[in-house]
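Some notes on the structure that comes next.
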Amino acid sequence: MKIKKGDWKLFLMLALFEPFFYFLGESFGLTYVSATVCSVLISTIPVFATLGAWLIFKEKLKVINYAGIIFSFIGVLVFILNKDGSISFNTKGLGLLLIAVLSAVGYNLTLSRLVGNYSPVYIVNVQNIIGAVLFFPLFLILDFNDFINTPFTFNMFKPIIELAVFASCGAFILFAYSVKNMGITKANVFSNCIPVFTALFSFILLGDKLTVQNIIGMVIVIAGLLMSQMDGRKKSFDEALALTGKTA
48 MKIKKGDWKL
58 FLMLALFEPF
68 FYFLGESFGL
78 TYVSATVCSV
88 LISTIPVFAT
98 LGAWLIFKEK
108 LKVINYAGII
118 FSFIGVLVFI
128 LNKDGSISFN
138 TKGLGLLLIA
148 VLSAVGYNLT
158 LSRLVGNYSP
168 VYIVNVQNII
178 GAVLFFPLFL
188 ILDFNDFINT
198 PFTFNMFKPI
208 IELAVFASCG
218 AFILFAYSVK
228 NMGITKANVF
238 SNCIPVFTAL
248 FSFILLGDKL
258 TVQNIIGMVI
268 VIAGLLMSQM
278 DGRKKSFDEA
288 LALTGKTA
């Protein structure tokens, strides 16, 4: 498969948004804020992606779909709020995570211009190759000395393999396939399930406790997700792409 001349800039933008800027913003942001605050900000991606899809691609849904997106976001808030109803955060961390959110939205909008012409596996392959080139100078500057001075063990490297296989390849391929078949808005709402599944796996695998508040939040998120997926699209995804001058 060959990349069309005019699509090279789209692939470069794709890799700049994710993995480059997104993972820099998220990883460094998590050093300043808790995973709870991170979950809240990441859950705003469907809201911003919906706005972007509406402004740029004229992708429209029914009222119940938009209500489901908002409902799902409220469920995330219920899920992660402290007992006193507060959320503690750091301004610097908040700014870094905002970069991650905006990068995710840019990734979504750019991806939608490519999924009609290239397979999800091919897109992620090119995206990760360009991403590796972008990260390499930073690795040499920031981490190379620590890397060569750290003894290599399989247990240390195992999480990196898992992140590469599941988070950096598998998840991206499945997401690209979903955007191609469902559209930006409906595919993105599923990201609100991240804190829900994190809690469930922590409960099953790590023995963490699930509170009544957590369970209520989960129910709201899932209800919102179901509402957002109800058959209400007024325009097909291909029609939305045609409005941009890029057809499959």
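Numbers 48 to 295, taken from our numbering, label the letters of the sequence shown in order.
Virtual Cβ for every residue (Gly too), placed ideally from N, Cα, C.
Query: Helix, strand or coil at residue 77 [DSSP, three-state]; Result: coil
Query: Own chain residues within Cβ distance below 6 Å of residue 69, not counting five before or after; Result: 147, 150 and 151
Query: Other residues of its chain near residue 291: CB distance less than 8 Å, five sequence neighbours each side excluded; Result: At residue 291, the pLDDT of 35 sits below 50, so the modelled position is not reliable and the matter cannot be decided from this model.
Query: Residue 73 versus residue 101: straight-line alpha-carbon distance, rounded; Result: 26 Å
Query: Span separating the alpha-carbon of residue 124 from that of residue 255; Result: 20 Å
Query: Residue ranges of each alpha helix (DSSP H) within the region 129 to 193, 4 or longer; Result: 138 to 158 and 167 to 185
Query: Cα-Cα separation, residue 91 to residue 250; Result: 25 Å
Query: Cβ pair count under 8 Å reaching 3, the region 75 to 87 against the region 227 to 236; Result: no
Query: Close beta carbons around residue 140, own chain, < 6 Å, minus the five adjacent residues each side; Result: 76, 79 and 80
Query: Burial state of residue 234 (16 or more Cβ within 10 Å); Result: buried
Query: Three-state secondary structure assigned by DSSP to residue 115; Result: helix
Query: Simplified DSSP assignment, three categories, for residue 277; Result: coil
Query: Pair within 8 Å by beta-carbon distance, residue 242 and residue 67; Result: no
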